[in-house]
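In the numbering used here, the protein residues as written are 19 to 147.
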C-alpha cells in the first residue's frame, strides 16, 4: 500500500504531456529486429544476430546532436513487450531524455580531454621557465 502511494505521488508530480512536448514530433519508430536483419541496407554484424538470439525483438533509435557531437542511441526491447508501454508518452520522453544525456556525456568527455591537454601544456610551459 505504501509503495503504491509513493508511485502515485511520483506519477502525479510528473506531467507526461509536458515532459514529452519537446519530442512530440519525434515519435519513436519501433522495428522488428528480424525485419531489420533482413533489410539489405542494414550492415550484417554478429552483434545484431546475438541480440536477437538473446530475446530482443524490437529496436528503436534516438539521435542526438550536442555541441557538434552527433550519434544515435539504439534501444532494444524483448519481442514480447507491450507496445502500449513502449509507445507511452512517459517512456518516449524518458528514452529521448536518456539519449540526450548520453550525448551530453560524450560531449563533456571530449571537452574535458581538451581542457586537460591545455592545462598540461600550461604546466609544461611553466616548468620550462
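Idealized CB from N, CA, C, for every residue including glycine. Quick caveat: nothing in here was measured; it's all calculated off a predicted structure.
Within the DSSP secondary-structure output, residue 99 pairs in no beta bridge. Under the three-state reduction of DSSP, residue 133 is assigned to helix. In the three-state DSSP reduction, residue 106 falls in the coil class, being neither helix nor strand.
Contact annotation: the segment 69 to 78 does not touch the segment 123 to 140, with fewer than three C-beta pairs closer than 8 Å. Pairing residue 109 with residue 147, the inter-Cα distance amounts to about 57 Å. For the options 134, 116, 44, the alpha carbon positioned closest to that of residue 93 is the one of 116.
Bridge partners of residue 125 according to DSSP: none are assigned. Where residue 64 is concerned, the enclosing alpha helix (DSSP H) starts and stops at 64 to 71.
The Cβ atoms of residue 91 and residue 125 do not sit closer than 7 Å to each other. Burial check for residue 121: the Cβ neighbour count within 10 Å reaches 16 or more, so the residue is buried. Residue 113 and residue 70 have their C-alpha atoms roughly 21 Å apart.
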